[in-house]
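*Asks:*
In my numbering, the protein residues as written are 3 to 354.
Given below as structure tokens:
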């Protein structure tokens, strides 16, 4: 049995993270230089701050639904956790995801850690199963929006072939990757084989290290996890409920991007903002080892908006507001939630 003592607080390699943030900032300021700092100053001076605050509020609301999509799975597993507590843990996971780029793995580890430390009568395998399943469901609306959006842009906008191809490849690749992970997670033999293969690579790298204890724990976790994931996926009503909440969250996410452009006084087509925002989310799922995709995600969004007919200055301003809300603000809020949780874990928490 994998116990609570096997769960460790997700480490943040501060020196490495700081270096990667600097790399991202260099890329970002390189882009600002190309735009022109005076132009940037003029563009940001006319931003409607009330609409930026509205975007912030909508973003916080969207994460309530993201957290709820995960929370209903935990409640199905008989976890005594309130939606408010799940929301705080979910916001904390955003902090880890943005600071430790690892395809959201660090965020999931953070969620597992705080659940195990603060919620009574939990098991690691069940917590992990709920987290992975909700993460896979998160891909559904985003990949769907991106694929439909690429088709929309191809039909109604004169985008170059390379841009359409790139967007389609990213959307389809992420969707196929999610399906692959789902297939593995639902097949205990395949999951065990994958785990053994990974452990084999680790053993080859760390020669001379006894891996028997690790193999035993991993084997136990796989067996326990298989039962938990099947218990969750067996309830079609539960899956539909969770997916509906996640779709609602995605709607609010896209609304944040639309409001961001409204804040700079630009009336952008909903189809364009839906497509490019969905692409941004999918790109951040690709491990690139730069916290929050700083620099390269911003650049890609600007390029795509420009190709869709948004002028360079408005594309920059809209992207800046979007990233301010979805990256900088949410990371800061997640950091505060992490500090709170780190102090509060171990204390008895109220139930639902």
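For glycine and all other residues, C-beta sits at the position ideal for the given N, C-alpha and C.
In this text the structure is predicted, and so the values were computed from the model without any measurement.
Can you tell me the Cα-Cα spacing of residue 134 and residue 238, whole angstroms?
*Replies:* 17 Å
*Asks:* Once DSSP output is grouped into helix, strand and coil, what is the label at residue 266?
*Replies:* In this structure, residue 266 counts as coil in the three-state DSSP scheme.
*Asks:* Given that a residue counts as buried once 16 or more other Cβ atoms are within 10 Å of its Cβ, and exposed if not, what is residue 272?
*Replies:* exposed
*Asks:* What is the DSSP secondary structure of residue 123, reduced to helix, strand or coil?
*Replies:* coil
*Asks:* What is the DSSP secondary structure of residue 328, counted as helix, strand or coil?
*Replies:* helix
*Asks:* Alpha helix (DSSP H) containing residue 90: first to last residue?
*Replies:* Taken as a continuous stretch (DSSP letters only), the alpha helix (DSSP H) holding residue 90 covers 85-101.
*Asks:* Suppose the cutoff is 6 Å on Cβ atoms and the five residues either side in sequence are ignored; what does the same chain contact list for residue 109 look like?
*Replies:* 95, 98, 99.
*Asks:* I need the straight-line Cα distance from residue 326 to residue 241, nearest angstrom please.
*Replies:* If you take the alpha carbons of residue 326 and residue 241, they lie about 32 Å apart.
*Asks:* How big is the Cα-Cα spacing for residue 307 and residue 90?
*Replies:* 33 Å
*Asks:* Looking only at C-alpha atoms, which of 79, 54, 92, 49 sits nearest to residue 67?
*Replies:* 92
*Asks:* Please state whether the Cβ-Cβ distance between residue 173 and residue 152 is less than 8 Å.
*Replies:* yes
*Asks:* Flag this pair as yes or no: are the beta carbons of residue 60 and residue 275 separated by less than 8 Å?
*Replies:* no
*Asks:* Excluding the 5 residues preceding and the 5 following residue 283 in the sequence, name in chain order all residues of the same chain whose CB lies nearer than 6 Å to its CB.
*Replies:* 144
*Asks:* Report the rounded CA-to-CA distance for residue 168 versus residue 155, giving the unit in angstroms.
*Replies:* For residue 168 and residue 155, the distance between alpha carbons rounds to 13 Å.
*Asks:* For residue 1, which three-state DSSP category applies?
*Replies:* As displayed, the chain neither begins before 3 nor continues past 354, which places residue 1 out of reach and without an answer.
*Asks:* Let me know the secondary structure DSSP gives residue 160 once reduced to three states.
*Replies:* coil
*Asks:* Quick one: residues in its chain with C-beta nearer than 6 Å to the C-beta of residue 69, no 5 flanking neighbours on either side, listed in chain order?
*Replies:* 88, 89, 92
*Asks:* Could you check whether residue 300 and residue 277 sit closer than 8 Å to each other, using their CB atoms as the reference points?
*Replies:* no
*Asks:* With hydrogens ignored, establish whether the beta-carbon of residue 317 is closer than 7 Å to any heavy atom of the ligand ATP.
*Replies:* Ligands are entirely absent from the displayed structure, and the ligand ATP is therefore not among its contents.
*Asks:* Indicate whether residue 83 and residue 75 have their beta-carbon atoms separated by less than 8 Å.
*Replies:* No, they are not a contact pair.
*Asks:* In terms of alpha-carbon separation, which member of 318, 86, 175, 124 lies closest to residue 149?
*Replies:* Residue 175 is the option with its Cα nearest to residue 149.
*Asks:* Where does residue 260 land, buried or exposed, given buried means 16+ other C-beta within 10 angstroms?
*Replies:* buried
*Asks:* For the alpha helix (DSSP H) containing residue 279, list its first residue and its last residue.
*Replies:* If you look at residue 279, you'll find it in the alpha helix (DSSP H) that goes 272-286.
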